[in-house]
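So the sequences go chain by chain: A and P.
All letters in the first sequence, in the order written, are residues 1 to 235 by the numbering used here.
All letters in the second sequence, in the order written, are residues 1001 to 1227 by the numbering used here.
Glycine is no exception: its CB is placed at the ideal position from the N, C-alpha and C atoms.
Contents: one structure, followed by commentary.
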Amino acid sequence: MGTCIITGAGSGIGRAAAVEIGKAGLFSHLVLIGRSAEKLAETRAQMETSSEVELCTYDLSDLSGIPELVKGIRERTGEIACLLNIAGYTDPQPLFTTSVENMEQTYRVNVFAPFLLIRECAKYMRTNADGAKILNVASTAGITPRPGWLSYASSKAAVISMSQTLTEELAEYGIRVYCISPGRCATALRRKLAPNEDQTKIMQPEEVGHIICELVSDSEKCLDGQNIIIRKKNL
Amino acid sequence: MFSAVILAGGIGARMRQDLPKQFLTVGGKPMILHTLERLEKLDEVSEVVVVCHPQYKALLWEHIAAYMLKKPYTVIDGGETRQESAHLGVQAAKCPNILLHEAARPFVTTEEFRALLAFDAENVTYGLDIPFTVLTRDGDTVDGILERSRLVNIQLPQKFSREKLLSAYARADEEGRRFTEDASLLFYYTKEPVKILEGRPTNIKITNAMDLKTGEAIYKEYIVGRV
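Now the structure itself:
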C-alpha cells in the first residue's frame, strides 16, 4: 500500500484530500505536510483512518530542505507510493505592482517545491514494484487569462505543463502523473483571489478531495497526463 | 555471473550534433541511460564496464550519479575502432561471461536481456530475418545472389565466453583482421557455435538524425505504450 505524501494538508483541498484518502484506507502511511502544526492537528482530528498518520510541519518555500525531507519520509515509512502536491500560495497583484519577490515566492511554493518533491520522490518511486502516482493541483487560472493574478495564474500554467511533460518522462517507471485544475473552490487561498465571493455558493474542498481520492485509487488508470478541469455550477 | 560491457565510444560524427549520439536524449533521457537503467534490474549482472570517449567520461559519471545507478561501474577509454573498443571493454571485465551491448540501441528491453542471459548456450546473439533481397556485385554489375533464408541481421545484445572472445581478439590482432561485430569475430576464429535468438525490429541502432525521430516513436509506442 505504501506511503502517500500530502502537501498543504493543513487546510482547504489538502485537508479534504487527507480526510477522504484516510477514510478510503488506500495507503499504509499518510504523511501530512503543512506550515502550521496546529492546523495539521486539526486535520488529523477530522480523519477517521486505519492508516498510520505522520504530521510534518514544514514550510515548502524552504527549497533546500526538501531532498532531506523526502529522504527522511522514505526512511521512516518505507515505499513512497503517492505524492499529492496541493500546497499553494498567492498574493494577487496587477502587473505594475507585481514585484520580483512576489513572483519568486509564488513560483517557489507553486512550482519549485512541487518540482523538487517530484524529483526526490521519483528517485524512490521508480523502483517500486507496482509503480506510483503523483497528483499536482493546478487551477483553471492556469488556462485562461486572469488580469490581476499574474504570478498565480502563470505559476499554475507552469504546473499544468510540468505535469504533462513528466507524464511522458516518468511513464517508463510506472509512475502516473495527474493534474487537476479546480475552478472556484471555497478555500482560504480563493478568499485572497476573490475576497467578496460568497463561498457557500461555490465548489467545496470536500468535493475536490473526493475526486483526488478517486484519481489516486488503484482502479484509476486512464486519466493521467491530462489537465482535468473540476468545475461546479454555482448554487 | 556476467559483466556487462557497453560500447559507447563513438563521437557521433554522422549525427552532426554537439554531443555523441549516446548522450542525446530519447524520451527525455540520455540514450545510454535507457540501457544502464535496465541493467540495474538484472541480478545476473555483477558489474558494468562502459567504453567511452575520454572527453565524455565526466559527463557519463554525472549521469551515473544523477540516475543513482548502483551497480559497480568501470568507465574506460575506447580504442581507434569498434573492435578495439570492445576488446578493451572485455579485457577490463572481471566475470567469465560477457553481456555485450551498444549504447546506440536504447530500445532493448529488460525481458530481452533476461531471455539472453537465461538462454542455455555460452555464445548467443540476437538476430532478425532479412526482409529484403541482397545481391552481390562486381562494380556496377550483379554477380551473385545470396540466399535470403540463410541470412541473419545481427542485433545486440549478445553474450559470450570472455576467455574465448579474448582469444579471438588476440588472433584478429595478430592477423590485422577487422570485424564489424563480435559474433562474426568469435565464430571466425573459434568455430564455436553462436546461437541466434529472434530479435525485434524495434531494437534499432540509432545512427543518424532520422533514426532519432523513428526512435521517439518506438519509445512511445513500444517501450512506454503511451500514444
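- Message: In the DSSP assignment, the beta strand (DSSP E) including residue 1073 of chain P goes from what residue to what residue?
- Response: Unbroken beta strand (DSSP E) run through residue 1073 of chain P: 1073-1077.
- Message: 7 Å is my cut-off, CB to CB: does residue 207 of chain A come that close to chain P?
- Response: no
- Item | Spatially closest choice to residue 1101 of chain P from P:1008, P:1162 and P:1027, by CA coordinates | Cα-wise, what sits closest to residue 1101 of chain P is P:1008.
- Message: Using a Cβ-Cβ distance cut-off of 7 Å, determine whether residue 1210 of chain P contacts chain A.
- Response: Against chain A, the CB of residue 1210 of chain P has no partner CB under 7 Å away; the residue lies outside that interface.
- Query: Short check: CB of residue 1045 of chain P to CB of residue 1057 of chain P, under 7 Å?
  - Reply: no
- Query: Using a Cβ-Cβ distance under 7 Å, would residue 192 of chain A count as near chain P?
  - Reply: At a cut-off of 7 Å between beta-carbon atoms, residue 192 of chain A makes no contact with chain P.
- Message: Under 7 Å, CB to CB, which of the residues in the segment 1031-1047 of chain P have a partner in chain A?
- Response: none
- In terms of residue numbering, what span does the beta strand (DSSP E) encompassing residue 29 of chain A cover? 29-34
- Message: Buried or exposed, going by whether 16 or more other CB atoms sit within 10 Å of the CB of residue 1145 of chain P?
- Response: exposed
- Opposite residue 1127 of chain P in the DSSP bridges: which residues? P:1154 and P:1198
- Message: Within 7 Å of any Cβ in chain A, is that where the Cβ of residue 1028 of chain P sits?
- Response: Yes, residue 1028 of chain P lies at the interface with chain A (some Cβ there is under 7 Å from its Cβ).
- Item | Selection of the segment 105-131 of chain A by Cβ proximity to chain P, strictly under 8 Å | For the segment 105-131 of chain A, which is checked against every Cβ of chain P, the residues closer than 8 Å are 123.
- Neighbour flag for residue 79 of chain A against chain P, beta carbons, 7 Å: It does not; no Cβ of chain P falls within 7 Å.
- Message: I believe residue 220 of chain A touches residue 214 of chain A by the beta-carbon criterion, under 8 Å. Please report the beta-carbon distance rounded to the nearest angstrom.
- Response: 6 Å
- Is residue 226 of chain A near the ligand SAM, in the sense that its beta carbon is under 6 Å from a heavy atom of that ligand? This structure simply doesn't include the ligand SAM, nor any ligand for that matter.
- Any idea what DSSP makes of residue 135 of chain A, helix, strand or coil? Note: residue 135 of chain A maps to strand in three-state DSSP.
- Message: Can you check whether the C-beta of residue 1108 of chain P is within less than 7 Å of a C-beta belonging to chain A?
- Response: no
- Is the distance from the Cβ of residue 1191 of chain P to the Cβ of residue 1124 of chain P below 7 Å? no
- Since residue 1223 of chain P meets chain A, which of its residues come closer than 7 Å, beta carbon to beta carbon? Result: 172.
- Nearest to residue 238 of chain A (by Cα), restricted to the options A:137, A:27, A:197 and A:132: The structure shown does not extend to residue 238 of chain A, since chain A spans only 1 to 235, so no value can be given for it.
- Count the other CB atoms within 10 Å of the CB of residue 203 of chain A; is the residue buried (16 or more) or exposed (fewer)? buried
- Task: Output the distance between the C-alpha atoms of residue 1042 of chain P and residue 1112 of chain P, rounded to the nearest integer angstrom.
- Result: 11 Å
- Delimiting residues of the beta strand (DSSP E) encompassing residue 1099 of chain P: 1097-1102
- Can you name the residues of chain A whose CB is closer than 9 Å to the CB of residue 1001 of chain P? In chain order: nothing, as chain A lies at least about 21 Å away.
- Message: Between which residues of its own chain and residue 1164 of chain P is the CB-CB distance below 8 Å, once the five residues before and five after are set aside?
- Response: Non-local beta-carbon contacts of residue 1164 of chain P in its own chain, meaning distances under 8 Å to residues more than five positions away in sequence, involve 1122, 1123, 1186, 1190 and 1192 in chain order.
- Query: At a CB-CB cut-off below 8 Å, which residues of chain P make contact with residue 169 of chain A?
  - Reply: 1027, 1028 and 1029
- Query: What did DSSP end up calling residue 1160 of chain P once you bin it into helix, strand or coil?
  - Reply: In the displayed model, residue 1160 of chain P falls within a strand according to three-state DSSP.
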